[in-house]
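Encoded as structure tokens, the structure appears first; notes follow it.
Residue numbers (the working numbering): 444 to 801.
Structure, rendered in structure tokens:
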């Protein structure tokens, strides 16, 4: 690695030429050696001064190459000639280079224990290399490719993000933001179960039986309360890990019905009864499997099924709430959906949604 003061250039080994080239250009600009990249001597400078500067820039480039790469340009004697030779070798938009990079992109998968930031850096590195060989993707395609590169354990989030835009067009920034928020939720889930399953505002206290949390991180609808079910089948249906801390037994399952003020009913099928659970959870991916479409955007949100709008509302301050016309004031409670943006613990919001009866 070439290093002087705070300037560093990672050695180029034949991979990610665009990243290395950007570092070299920035470094030479810092040292007032950028004219050597062009190779045209200013008229006011004499030949000996130019030769000394060119040798300095040439040394900087050579010292930032691995021996295998440096051998390929050993015959070049000027800075401009070396850069042109490297560009010809590693930046040439050949068909084979395009195929190699396309395969690398389409086969890219986030590592099991890797971070979102590291994966994003790898993803951007490949797409930037493709752009350097005239293969360009618009922002929506990049967003879709990034979602496809996630592991199966992220499928619930992929479903949520895919259904979260009213316009139907995803952006890479929105996708990355959602993935990073969910990663933070996963990392903190063991610290505070009540905060990680779905952030709650502790200044408000509700009957746990009536509180429902819609969470993009759970794959099934579940509740600790037997009395929630309209139909119920008792049995041994295995175990689930709760908050990555302890296992809960699934002792029953069936259907739960939520009456809505418009006369309709929100039906949750195959809900699991887990007595050890601390919260009632509605799975966003579960809603998707049951034919519901959940969308947020432009200060509004709605839940639809086919052409029928099951519920909808608007953003009031930092919360997404139901419109007054959708509140069932004559029923046992009002169904309210809010996006939680803060908690008394001060933790960063995860993007989970809070559903409760009042």
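Just so it is clear, CB atoms sit at the ideal spot from N, CA and C, and this is done for glycine as well.
Listed in chain order, the non-local C-beta contacts of residue 541 below 7 Å within the same chain comprise 576, 578, local neighbours out to five positions each way being set aside.
About 17 Å separates the beta carbon of residue 675 from that of residue 691, a gap too long to meet the 8 Å contact definition.
A Cβ-Cβ distance of about 5 Å is found for the pair residue 569 and residue 547, placing them in contact under the 8 Å criterion. Apart from the 5 residues on each side of it in sequence, residue 477 sits with its Cβ closer than 8 Å to the Cβ of 468, 471 in its chain, given in chain order. Judged by their CB atoms, residue 714 and residue 727 are not nearer to each other than the 8 Å cut-off. DSSP places residue 529 inside the alpha helix (DSSP H), whose first and last residues are 522-533. One thing to note: residue 565 has its Cβ within 8 Å of the Cβ of residue 551.
Under the 10 Å beta carbon count, residue 591 is surrounded by fewer than 16 other beta carbons and is classified as exposed. Across the structure, residue 539 and residue 533 are spaced so that their CA atoms are roughly 12 Å apart. For residue 697, same chain residues with a beta-carbon under 6 Å away, outside a window of 5 residues either side, are 672, 674, 675, 676 in chain order. By the neighbour-count criterion, in which 16 or more other beta carbons inside 10 Å mark a residue as buried, residue 669 falls on the exposed side.
For residue 740 and residue 600, the gap between their C-alpha atoms comes out near 17 Å. Taking one beta carbon from each stretch, the stretch 513-532 and the stretch 482-498 have 3 or more pairs nearer than 8 Å; the two touch. Each residue's CA atom was taken as its position, placing residue 474 and residue 486 some 20 Å apart.
The C-beta of residue 506 has fewer than 16 other C-beta atoms within 10 Å across all chains shown, which makes the residue exposed.
Taking all protein chains shown into account, residue 753 has 16 or more neighbouring C-beta atoms within 10 Å of its C-beta and is therefore buried.
In this structure, the straight-line span from the alpha carbon of residue 626 to that of residue 583 is close to 22 Å. Contact annotation: residue 613 and residue 586 have beta-carbon atoms nearer than 8 Å. Across the structure, residue 615 and residue 589 are spaced so that their CA atoms are roughly 8 Å apart. The three-state reading of DSSP puts residue 568 in helix, counting H, G and I together. Each residue's CA atom was taken as its position, placing residue 466 and residue 452 some 6 Å apart. Looking from the CA of residue 464, the closest CA among 495, 490, 572 belongs to 572. Looking at the DSSP output, residue 505 shares a beta bridge with no other residue. No Cβ-Cβ contact shorter than 8 Å links residue 454 with residue 503. The beta-bridge partner set that DSSP reports for residue 557 is empty.
For residue 490, the secondary structure class from DSSP, reduced to helix, strand or coil, is helix.
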